[in-house]
Amino acid sequence: MHHTTLAQMAITALIVALLPLSMAWISKDISRYRKLVWIGVFLTFDLIVFGAFTRLTDSGLGCPDWPGCYGLANPFLAHEEIRAAEALQPTGPVTMAKAWIEMIHRYLAMAIGILIVAMMAVAWYRWKKTRQAAYRPGYPTFLFFFVCLQGAFGAWTVTLKLQPVIVTMHLLLGMGLLALLTWFGGRQDQLLRPASAIVPRARLVTVRRLALLSGLVLLVQLFLGGWVSTNYATLACTEFPLCGGKVVPEMDFEHGFHLWRELGKTAAGHYLPFSALTAIHWVHRNFALVVVLVLGWAAARAWSIAPLRPVARAIAVVLALQALTGIATIYLSYPLLLAVLHNAGAAALVLLLTMLNYRAKFLYDAPAAH
């Protein structure tokens, strides 16, 4: 790619990042650095939701190269190439609308990368000057390398033509980045507002174990949900709770859950049988019951602890809405808005469970808990 194009893209991403950076800078918050971290959380949540919209509108290859669009900085400049591809395949992966959706997704991702670079730079600068705990540079430096890894998977998503395992890993890493930033935000909050509540340690032990178990269960379900989405298996079952009129329909687990294969193909290169898509959908649907039970149990136990009650209540509400949007997506034949909301619900559960895990740990570690 030409150096001029890279420079144009870098400038555009910086302009996009300037608004959230300015919001943090002019903030009246007692800690502008804390504000910067939480703005990063907010934008990463938005990026995950917009990433779902990109995937669900089949815009992942709207620009079939990376990081630019036909070697250029944006669809305006690549207008002729996009229109030529659209003329050849009007319903294909490249259209002007899809190109813009894909490039907006990339620019938002680059802007978040710039925010994380800013977090790292400020942390190193302030740590050398003040040695304050809020500016320990290890965590933001780890975030920088993590977001670079996420960017690499974003590139492979395009260059490997939406290979399901790569797209699913890209989704999981995005959720991981949201969790890491949320944990970082919790740490900044803790440094400003030390714990004052007295909570018996035994009750916190149970909640901490359930919160950790909930996180692991949700991770499995995120993979399964990503696998459904990236294999386009959402409508493999069009009724609930049955599938194809059966409790246990005909399923091909071997081909359905073979990780290293092309989109829509088996490992041998044949077209993926419908029974494989059914297996993918059926496993995600049924594991959702485990998610509801475990996360519901964790929320119920956390509800009895006053400092954790707001997060527990939010988890219960989002969990119920997530179940409803999942079922509605089947009955209403996969409307785009519902599918995007279902992805947003998954991201919200990641954020809330991270908060629950952090706050339970914080209360446990506080002197009052002993």
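Residue 245 in full-length UniProt numbering sits at position 245 of the sequence shown, and the numbers go up by one each step.
Backbone N, C-alpha and C define an ideal beta-carbon position, used for all residues, glycine too.
Since this is a predicted model, take the numbers as computed values, not measurements.
Buried versus exposed call for V199 [16 or more other C-beta atoms within 10 Å across all chains shown]
buried
Evaluate W297 with the Cβ neighbour count: other Cβ atoms within 10 Å of its Cβ, from every protein chain shown; 16 or more gives buried, anything less gives exposed.
exposed
Backbone CA spacing between V94 and R126 [nearest angstrom]:
46 Å
Would L72 and E102 qualify as a contact pair, given that the criterion is a beta-carbon distance under 9 Å?
no
Could you tell me which whole alpha helix (DSSP H) segments of length 4 or greater appear in the region 211-260?
253-256
According to DSSP, simplified to helix, strand and coil, what is R131?
coil
Alpha carbon of F142 to alpha carbon of W124, nearest angstrom:
12 Å
Contact check, residue 371 vs G174, beta carbons under 9 Å:
This structure cannot speak to residue 371, because the chain is shown only from 1 to 370.
May I ask which residues mark the beginning and end of the alpha helix (DSSP H) holding L149?
138-159
Using DSSP bridges, identify the partner residues of Y33.
Paired residue(s): none; Y33 is not in a bridge.
Who are Y271's beta bridge partners in DSSP?
K265
Give me the Cα-Cα distance between P241 and R193, rounded to the nearest whole angstrom.
46 Å
From the DSSP secondary-structure annotation, give me the bridge partner or partners of C69.
L72
Collapsed DSSP secondary structure at P93 in the structure displayed:
coil
Taking the C-alpha atoms as reference points, what is the distance between A328 and L6?
43 Å
Integer-rounded CB distance, given that V291 should sit under 8 Å from L352:
Contact flag wrong, Cβ pair sits at about 13 Å.
Express the C-alpha separation of I114 and A17 in angstroms, rounding to a whole number.
7 Å
Pull up the distance between the alpha-carbon of H79 and that of L263, whole angstroms please.
28 Å
Taking C-alpha atoms, which residue in L235, L219, V37, F45 lies nearest to L336?
L235
Residues near T325 by beta carbon distance below 7 Å, same chain, minus five either side:
L338, L341, H342, G345
If T182 and C237 are in contact, beta carbons under 8 Å, what's the gap, nearest whole angstrom?
Their Cβ separation, rounded to whole angstroms, is 33 Å, which puts T182 and C237 out of contact at 8 Å.
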